[in-house]
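Input: a single structure, listed below in structure tokens.
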Amino acid sequence: MNKTILHCKDIIKTFGSGESEVFALRGVTLDVYEGELLMLVGPSGCGKTTFVSVITALLSFDSGICNVLGHDLTTMDEDEKVLFRGKSVGFVFQAFNLLPSLTAVENVALPLTIAGEKRAIALQKAKAMLDEVELSSKYDVRPSHLSGGQQQRVAIARALVHNPEFIICDEPTSSLDHKSGQIVMELLSKMTKEKGKTMIVVTHDNRIYEYGDRMAHMEDGKIIKIEEN
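Residue 148 in full-length UniProt numbering is what sits at position 148 of the sequence shown, and the numbering runs on without skipping anything.
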């Protein structure tokens, strides 16, 4: 078996206190392995977004164990969490979150320039990533002149340009038509398999379930079932 990238055991997360206390996570236990594409599925409000916010150190949690890429999230301070996300985690969202005033290559290069990479090197790496998502002809095109599927591929390139080990995709296909969604998932699956990345895809889109190695079903703040594909 491949090495464990994510180990969570009995994660509890609440919001509010007293009579207004709400349990968002009720003892989540999950292991995710190197090179795996895991689908995280379940109804709205079941805790999926809270869970991925916890495992990427965006949210603290009340109790339990959470170890990601060898990091114990309970012992990290806020600066360490920022560095961890910036180096090791890539995010792909339903909303593409591209800056409209920047070209495709400038959008992809942005995480590198923010991290202090020289502009010329950042743009070179961004072009290489756009090549990988089959957008070599769109370097200098702004988001408003790209289709939804093309914008999502730019967003994927931006998420991967810093070579993260762990990638979180939150509803990456729900705003795309079937063909565009397939193209996006084929790219994500390829990145996982060929580059040994580990990926969690949060989705309601049953059209893409087939791309997962496993499916983790969440309900009422718990993972209730894990299926092999």
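For every residue, glycine included, the Cβ atom is placed at its ideal position computed from N, Cα and C. In this text, all values refer to a predicted model and were calculated from it rather than measured experimentally.
Asked: Of the listed residues GLN152, GLY196, LEU83, nearest to SER175 (C-alpha basis); Found: GLN152
Asked: Limits of the beta strand (DSSP E) - the one that ASP131 falls within; Found: Taken as a continuous stretch (DSSP letters only), ASP131 belongs to no beta strand (DSSP E), being part of the alpha helix (DSSP H) at 119-132.
Asked: Contained alpha helix (DSSP H) runs [length at least 4] in the region 8-79, N- to C-terminal order; Found: 48-55
Asked: For ALA157, three-class secondary structure by DSSP; Found: helix
Asked: Delimiting residues of the alpha helix (DSSP H) encompassing VAL141; Found: Note, VAL141: premise wrong, no alpha helix (DSSP H); not H, not E.
Asked: CB-CB length for THR103 against ARG142, believed under 8 Å; Found: 6 Å
Asked: Cβ shell of LYS127 (< 7 Å), same chain only, five flanking positions each side left out; Found: VAL105, TYR139
Asked: Sub-8 Å separation of ASP213 and LEU30 beta-carbons; Found: no
Asked: Cβ-Cβ distance between THR49 and VAL89 below 8 Å; Found: no
Asked: Residue environment, LYS125, which counts as buried when at least 16 other CB atoms sit within 10 Å; Found: buried
Asked: Closest Cα partner of SER147 within the set TYR33, ILE168, ALA120, PHE96; Found: PHE96
Asked: Three-state class that DSSP yields for THR113 in the structure shown; Found: helix
Asked: Opposing strand residues paired with LEU83 [DSSP bridges]; Found: LEU83 pairs with nothing; no bridge assigned.
Asked: MET199 vs LEU160 beta-carbon contact at 8 Å; Found: no
Asked: For GLU228, the first and last residue of its enclosing beta strand (DSSP E); Found: 222-228
Asked: Cβ distance (whole Å) where THR203 is taken to contact GLU228 below 8 Å; Found: So it is not a contact: roughly 17 Å between Cβ atoms.
Asked: For HIS217, the three-state DSSP class (helix, strand or coil); Found: strand
Asked: Check whether LEU73 and GLY221 have beta carbons under 8 Å apart; Found: no
Asked: Proximal residues to SER144 (C-beta, below 8 Å), its chain only, five neighbours per side dropped; Found: PRO100
Asked: Contact under 8 Å by Cβ, ILE5 with VAL32; Found: yes
Asked: Boundaries of the beta strand (DSSP E) in which ILE200 is found, first to last residue; Found: 198-202
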